Amino acid sequence: MNVPHAHLLALAAVLFGLGCLGFLLRRNAIIVLASIELMLNAANLAFLTGSRMHSSAAQPSLEGPIFALFVILIAAAEAAVGLALVIALYRLKRTAELDSSSELRG
Amino acid sequence: MSNYLQSLPSIAPEIAMTVLLCAVLVVDLLLKGRDSRKVGYLTLGGLGVVAWLLLGQWGELGSAGAAKRVFGMIDIDRFSTFFKLFTVGSLAAVVLFVLLDRRERRHGIGEYYLLLLGAGLGIFFMVSTSNLLLLMLGLELLSLASYSLAGFHKGDKRSAEAAMKYVVFGGLSAGVMLYGISLLYGITGTIDLTEMASGPHSLAAQFSSGPVPVAVAIVLVLAGFAYKVSVVPFHFWTPDVYEGAPTPVTSFLAVASKAAGFAALLRFVGKLFLVDGADGAVQQYGARIGALLAILSALTMTLGNLAALRQSSMKRMLAYSSIAHAGYVLMGMATMESSGWNAAMFYLAAYYLMNLGAFGFVLYFESVTGSDDIASLKGLGAKALWVTVPMVVFLVSLTGLPPTVGFTGKYMLFVAGVDNGLLWLSLVMALNSVVSLFYYFRIVKALFLAEPAERSMPGQSALAGSIFVLAVLTVLFGLYIAPLQAWCDASVESLRLGAG
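As you go down the protein sequences, you meet chains A and B in turn.
According to my numbering, the residues represented by the first sequence are 8 to 113, in order.
According to my numbering, the residues represented by the second sequence are 60 to 559, in order.
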């Protein structure tokens, strides 16, 4: 099966757009972090598509897949720190809604 | 393999930093958190060694053609060494702040130093690479450590909220930037900036055939940088995070982290558009990027200064002022000429000195009055002249009045702007400096023009001493500009001619 590159890139753009929408519209910290993961996965898909576009049988373009592996690592590290901070905030406020945080204004 | 071993001495500062980081972790575990001050002294000593290695490297790089690329992705040149030296300097100042802050002692545990060093290591890699993978990893190392540092006071609602906001917006910017990089990779087939500028599928060839995807990709990556250096419209996290984070951490974020973002941004734009002998399409595109930066610069400095006018918290005011200063630096960049970039580098160096000092002052008075309200400073000016007079020096420098380094920096930016057809932006900057006078001098007014307060001032001689040294440097570099200017020239030159 050979999916055209344009379709893969379009899917990546849709994933990225959904991530952006989720970030802008939802106020629960965990959903917001999940939306960010969606955006990172859109980047991953685009990296792999790029690699396919620039690879030939003789000369594979490996930078894309390697970058995608590191993006997975970045996503995991960011989720770990992000969720730890959500828990810290939840202990103090008993909620994970971002809008309820209003100590800092001005 | 032998090639690999030969390259190792080039990254000696990074290796020393990593060893120091591990040593801090182990020593803190062995001490079981009982006497974390020892860990702080160890950190300071280690940073001294790193600085010594960096100075040696700076000397070696003096000869022509000494700049090189090792491991295929780390650029060893004066540009990166310049920022590494300033990073080590500001890390040392922040470690001193942590050690000397009487309020931090309650929380003062070894992880503070570990996270600071981790962030510093991230900066080291971030400023010295034109490979987007390593750039991104350095940026993430810096960001992850900064998120944890911002939330270091776990039981404090403001600190927890600052960290939460930081991690959410930081994650967004990382996602946007990575998507932009993935598009750039799809367009050019490489993640190396030098190859992107000159390779078989170089950006120059794509400008004419498909300008829209190139523009989208570049704007997305620039948005990621704009977040890191808090440029409008990606600045909204800055005041909240700066106000909520512990003050030593705020000084790190405002100074080292922001300057590192600028370093990476300068290299990104420089490698792509400030190339010697670039053809017409690249220059034209570079000019368009310059125009975009000029507009962002005008918006950033105006919004930052206007918002700073109505702040009552010193940390929040300095946060908005740091947004305004990002606008000034961006103005030097927007010229897209070496002279403007020199001015931007000089201003960044000035920014390191005067902002570290200003945050040191905030720290000093926070431990006296328990808050960072400007109103709580009333009448304390004459009580601790060793600290308040240096603060006046920093404020004069931040405003951009002689005889300080801030004046020299602004003067260079102004001249560079006028020389390169950005007269309107130079005038906007001059007007903004006048506006900034009002809010900076509210602090001076509170300190000296109110009725003297009855409060007694506990002595913090070591902290006062380090603030005083920073003030002396601020004036010294304002009067003797030649050495600093020569360093900036050498750095920008190495960026243009760096290992290709």
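We treat Cβ as the ideally placed atom computed from N, Cα and C, and that holds for glycine.
Please read these numbers as outputs of a predicted model, since none were measured by experiment.
Secondary structure at residue i, three-state DSSP: helix, strand or coil?
| i | result |
| --- | --- |
| E104 of chain A | strand |
| N9 of chain A | coil |
| N190 of chain B | strand |
| L120 of chain B | coil |
| V39 of chain A | helix |
| M129 of chain B | The displayed chain sequence assigns Val, not Met, to residue 129 of chain B. V129 of chain B falls in the strand class under three-state DSSP. |
| D432 of chain B | strand |
| S380 of chain B | helix |
| I6 of chain A | In the structure displayed, chain A extends from 8 to 113; residue 6 of chain A sits before or after that span and is not available. |
| S261 of chain B | coil |
| I540 of chain B | coil |
| S9 of chain B | The requested residue 9 of chain B is not part of the displayed model; chain B covers only 60 to 559. |
| D548 of chain B | helix |
| I240 of chain B | helix |
| D94 of chain B | coil |
| D134 of chain B | strand |
| D160 of chain B | coil |
| D215 of chain B | coil |
| D251 of chain B | strand |
| E510 of chain B | coil |
| G169 of chain B | coil |
Determine, using beta carbons only, whether residue i comes closer than 8 Å to chain A.
| i | result |
| --- | --- |
| G440 of chain B | no |
| M185 of chain B | no |
| M223 of chain B | yes |
| Y344 of chain B | no |
| S267 of chain B | no |
| I560 of chain B | Given that chain B is displayed from residue 60 to residue 559, the structure contains no residue 560 of chain B and the question cannot be resolved. |
| L192 of chain B | yes |
| V227 of chain B | yes |
| S189 of chain B | no |
| Y286 of chain B | no |
| L242 of chain B | yes |
| G476 of chain B | no |
| Y238 of chain B | yes |
| L159 of chain B | no |
| A233 of chain B | yes |
| G245 of chain B | yes |
| G230 of chain B | yes |
Would residue i pass as an interface residue toward chain B - the criterion being a Cβ-Cβ separation below 8 Å?
| i | result |
| --- | --- |
| S1 of chain A | A query on residue 1 of chain A cannot be resolved here, the shown segment of chain A reaching from 8 to 113 and no further. |
| I81 of chain A | yes |
| A13 of chain A | no |
| L76 of chain A | no |
| E85 of chain A | yes |
| G71 of chain A | yes |
| V10 of chain A | no |
What does the Cβ neighbour count give for residue i, buried or exposed, with the cut at 16 atoms within 10 Å?
| i | result |
| --- | --- |
| A256 of chain B | buried |
| L173 of chain B | buried |
| E199 of chain B | buried |
| R375 of chain B | buried |
| G557 of chain B | Low confidence applies here, because G557 of chain B scores a pLDDT of 47, under 50, leaving its location unreliable and the question unanswered by this model. |
| C81 of chain B | exposed |
| T447 of chain B | buried |
| T102 of chain A | exposed |
| A9 of chain A | The residue you asked about is not Ala; residue 9 of chain A is Asn in the sequence shown. So N9 of chain A counts as exposed. |
| R128 of chain B | buried |
| H14 of chain A | exposed |
| T65 of chain B | Just to set this straight, residue 65 of chain B is Gln in the shown sequence, not Thr. Exposed: under 16 other Cβ atoms inside 10 Å. |
| H294 of chain B | buried |
Between which residues of its own chain and residue i is the CB-CB distance below 6 Å, once the five residues before and five after are set aside?
| i | result |
| --- | --- |
| F211 of chain B | P305 |
| F507 of chain B | G440 |
| Y171 of chain B | V157 |
| A393 of chain B | G349, L352, A353, S356 |
| G438 of chain B | A509, E510, P511, A512 |
| Q116 of chain B | T140 |
| Y344 of chain B | F266 |
Cutting at 7 Å between CB atoms, please list the residues of its own chain near residue i, excluding the five before and the five after it.
| i | result |
| --- | --- |
| S207 of chain B | L174 |
Less than 8 Å between C-beta atoms, sequence neighbours within five positions excluded: which residues of the same chain meet that for residue i?
| i | result |
| --- | --- |
| E254 of chain B | T247, S261 |
| Y238 of chain B | L279 |
Using a Cβ-Cβ cut-off of less than 7 Å, list which residues of the region 196-219 of chain B approach chain A; keep chain order.
-> L196, E199, L203, Y206, S207, G210, K213, K216, R217, A219
Between the region 375-391 of chain B and chain A, which residues of the former have CB atoms less than 9 Å from a CB of the latter, in chain order?
-> R375
Chain B contacts from the region 15-31 of chain A (Cβ-Cβ distance under 8 Å) | L16, A19, F23, G26, F30
Along the region 306-319 of chain B, what residues have a CB closer than 9 Å to any CB found in chain A?
-> none
Could you run through the region 30-64 of chain A and flag, in chain order, every residue whose CB is less than 7 Å away from some CB of chain B?
-> F30, A36, V39, L40, I43, M46, L47, A49, A50, A53, F54, T56, G57, M60, H61
Contact list for the region 102-135 of chain B against chain A, Cβ threshold 7 Å = none
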